[in-house]
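In UniProt numbering, the protein residues as written are 1 to 774. In this text, a Cβ means the ideal position worked out from N, Cα and C, and glycines have one as well. All figures in this text were calculated on a predicted structure; none of them were measured in a lab. The structure appears right after this line, and notes come after that.
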């Protein structure tokens, strides 16, 4: 028992695909959890340990407070001992709305505000008078946002259409909506006048807006000061004060800020507004008094516009003027940001524009400044989006957290991160039903000597591709100046696999995902944006085979196809097609149980009574992708499922909710779906995200098949196994931010190894097997 006190002890974990996992994780060390995508490693670390730690931590609070905290259901396990409070550093977008910046998130801005309030001339007052989130410091014209959103009437109105034809181009004003009725179906109302008297419509709903008189247009857009009457949705009439389209849309959708709107509302509003830099503060967000306060000619907005690396140099230059903790505190925070390769960021960069990797590193930096010890820090693939040069910095940061007396638990695929582990847990042996077991625990040296899939790939170092392909043509990019690109001219070869490399922030994503795709719009882009999921999406619905399956069932039995939909007529009446029942226990954690009526099948008995090929509709959902291809003779089903097998997802069941997939699985679902499109140029943005080393081999085979079929493939990538496999490399740099934005190398991997001294070239050489390369 004494030794157990030095470990987190997990007994009988059965979350998702885990098969009664028993595990001991040493405290106070850095542990890396590995395994192929879908093996169950996230189910152990996040679905079991992290959730249970947060659930138990919430229990120490009074019920009143707990009701306002996130709720966590108890994971499936028998016993967990020696849990410490868990801090989860994941890849979820930082968010924070339009007022959240790198400076506010990292809490550097408050230190700079103190600096200016004490030493700026003339002083604007206390430190909060330098904050664009405080009424005393914000620009009164833009409320501290730096920009103003203005409704663009030309974008809003289609003058060739009438109100009945949808002349107001905003989803919330579409024909048939409540807002549309307030213009297309209204008459003037006068108190005391009989409602059944013929009333004159305010607007002719069939008249194109281009034929409106100036008075009619002004009334539509800006009118006010009278009441209207119209039929409501219940056969009665509604009486309202008239409000023109412009004030209504501004009040309801623009004033609250786009970040506060639902996705559909935000997208609709973005189409009809124009964002302009605030004329009063010129984008600085601050009041005139704050902007007039300066140190050596620079105000706080100037500091926030500087790249962090340059700001460090500036503050070091002035640090010897003033005793006290202010400047050292600012420098300490800024140097930590530099230490993880983010010195190219500016403090005024909105957090919503950060990539997942950038956001994760900023979260980590924030914890490094904490005085807490004895915590469990849990990281989700922190190397994502990092060049090998930056992974070195990340590793030092992770080791610093450990050395402060914390337990660091990392889910990771990257060789260089695995290499620094004090302890490794390998989950497998395969994915899905073929995984869910711990197949190795021990040191990195023992992992490398093991026979597990991870061990074999960890110890093997691939060499360069022996015979790179020859280009069949070129796709030029000329005069690229977006963001930090410096008038870049570069040719992308056709008929080959091109890998675009460079440190984070160098400009490679801007060059490929923005400029190249704009100049060559027919390219099929496979980026890291979220897959459009809803809670009921499954591989069956996402691939589009489910309609075919339901029609086959319906035709065989002469019934309506909707009987076989768990979203329609066939849904279990108790759980409404979800298969589970979630009970909200008010001041206690919610409890999710399998529906007792349908036993988790999602369907009502009438649907389950019908069989096709010996299976009912629920049993079809339990088939894996690979099994389903053999179960149906329909060639359309086989054709649509084939890409899922190509990207290594043949083990997924047709009914598994996509929302439950790991990050690597979701990425590959998206790749498989986009492979159905027709096009000769494919652009991938870090396709190895979330992939195990073995999965990368499968990905490379898939990319090869695309190229061999006559397509052009361009991949933005950091993984050196992919770089070695390229036919052509375009390296962007030499550094990040203002120190990048140039093409510093083009050529084959062999030419890079033999003749280049870029950062990528140095790491590529060091990753080759002994005796290989130039």
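Host alpha helix (DSSP H) of residue 409 (start-end) | Per DSSP, residue 409 belongs to no alpha helix (DSSP H); it is in the beta strand (DSSP E), 407-411.
Please go through the same chain and pick out, in chain order, the residues whose beta-carbon is closer than 7 Å to the beta-carbon of residue 419, but skip the five residues on each side of it.
-> Cβ neighbours of residue 419 within its own chain (closer than 7 Å, five residues either side excluded): 444.
Do you know how far the Cα of residue 188 is from the Cα of residue 789?
-> Lying outside 1 to 774, the shown extent of the chain, residue 789 is not represented and no answer is given.
Report the rounded CA-to-CA distance for residue 136 versus residue 325, giving the unit in angstroms.
-> 25 Å
What residue ranges within the region 202-266 form continuous beta strand (DSSP E) runs of no fewer than 3 residues, ordered along the chain?
-> 224-231 and 237-243
Using beta-carbon positions only, say whether residue 378 and residue 45 come within less than 8 Å of one another.
-> yes
Element boundaries [beta strand (DSSP E), containing residue 187] = That run of the beta strand (DSSP E) goes 187-189.
With respect to the beta strand (DSSP E) encompassing residue 103, which residues constitute its N-terminal and C-terminal limits?
-> Premise fails: residue 103 lies in the alpha helix (DSSP H), 102-105, not in any beta strand (DSSP E).
Of the residues 687, 656, 692 and 660, which one's Cα is nearest the Cα of residue 670?
-> Just measuring C-alpha positions, the residue of 687, 656, 692 and 660 sitting nearest residue 670 is 687.
Would you mind giving the Cβ-Cβ distance between residue 723 and residue 729, rounded to the nearest angstrom? I have them listed as a contact below 8 Å.
-> 7 Å
Rank 469, 519, 642 and 399 by C-alpha distance to the C-alpha of residue 539 and give the top, closest one.
-> 642
Assign residue 545 to one of three DSSP states: helix, strand, or coil.
-> coil
Within 10 angstroms of its Cβ, does residue 708 collect 16 or more other Cβ (buried), or is it exposed?
-> exposed
Can you check whether the CB of residue 285 is closer than 8 Å to the CB of residue 144?
-> Yes. Within cutoff.
For residue 272, which option in 374, 156 and 665 has the closest C-alpha, if you only look at C-alpha atoms?
-> 156
Cα-Cα separation between residue 765 and residue 734, rounded to whole angstroms | The alpha-carbon of residue 765 is positioned some 17 Å away from that of residue 734.
If you follow the beta strand (DSSP E) that residue 478 is part of, which residue opens it and which one closes it?
-> 473-480
Note down, in chain order, each residue of its chain lying with its Cβ closer than 6 Å to the Cβ of residue 681, except the 5 sequence neighbours on either side.
-> 523 and 712, listed in sequence order.
Decide if the region 23-34 is in contact with the region 350-363; the criterion is three or more beta carbon pairs, one per stretch, under 8 Å apart.
-> Not touching, per the Cβ criterion.
Touching or not, the region 339-356 and the region 302-322, by the rule of three or more beta carbon pairs under 8 Å?
-> Yes, they touch.
Quick one: is residue 694 buried, meaning 16 or more other Cβ sit within 10 Å of its Cβ, or exposed?
-> buried
DSSP puts residue 7 in a beta bridge; with which residues?
-> 26
Tell me the start and end of each unbroken alpha helix (DSSP H) in the region 46-109 that is at least 4 residues and wholly inside, in chain order.
-> 51-58, 63-66 and 102-105
For the 8 Å Cβ check, are there 3 or more pairs between the region 651-663 and the region 431-447?
-> A contact exists between the region 651-663 and the region 431-447.
Between the region 476-490 and the region 455-465, do at least 3 Cβ pairs fall closer than 8 Å?
-> no
Helix, strand or coil for residue 457 per DSSP?
-> helix
Is the region 598-609 close to the region 563-576, with three or more CB pairs under 8 Å?
-> yes
Own chain partners of residue 220 with C-beta closer than 8 Å, once the 5 adjacent residues on each side are dropped | 183, 203, 209, 212, 244 and 245
When DSSP builds the beta bridges, which residues end up paired with residue 603?
-> 571
Of the choices 314, 462 and 398, whose alpha-carbon is the least far from that of residue 339?
-> 398
Among residues of its own chain, excluding the 5 on either side of residue 41, which ones have a beta-carbon nearer than 6 Å to its beta-carbon?
-> Result list for residue 41: 33, 35, 411 and 427, in chain order.
Extent of the continuous alpha helix (DSSP H) run through residue 346 | Looking at the DSSP string, residue 346 is not in any alpha helix (DSSP H), and its letter there is neither H nor E.
Contact set for residue 292: own chain, Cβ-Cβ below 8 Å, skip 5 residues either direction | The answer, listed in chain order, is 122, 124 and 299.
Between residue 312 and residue 342, which are expected to be in contact by the criterion C-beta below 8 Å, what is the C-beta distance as a whole number of angstroms?
-> Contact flag wrong, Cβ pair sits at about 12 Å.
From what residue to what residue does the alpha helix (DSSP H) around residue 279 run?
-> Taken as a continuous stretch (DSSP letters only), residue 279 belongs to no alpha helix (DSSP H), as it is neither H nor E.
Use the C-beta contact count for residue 578: other C-beta atoms within 10 angstroms, 16 or more gives buried, fewer gives exposed.
-> buried
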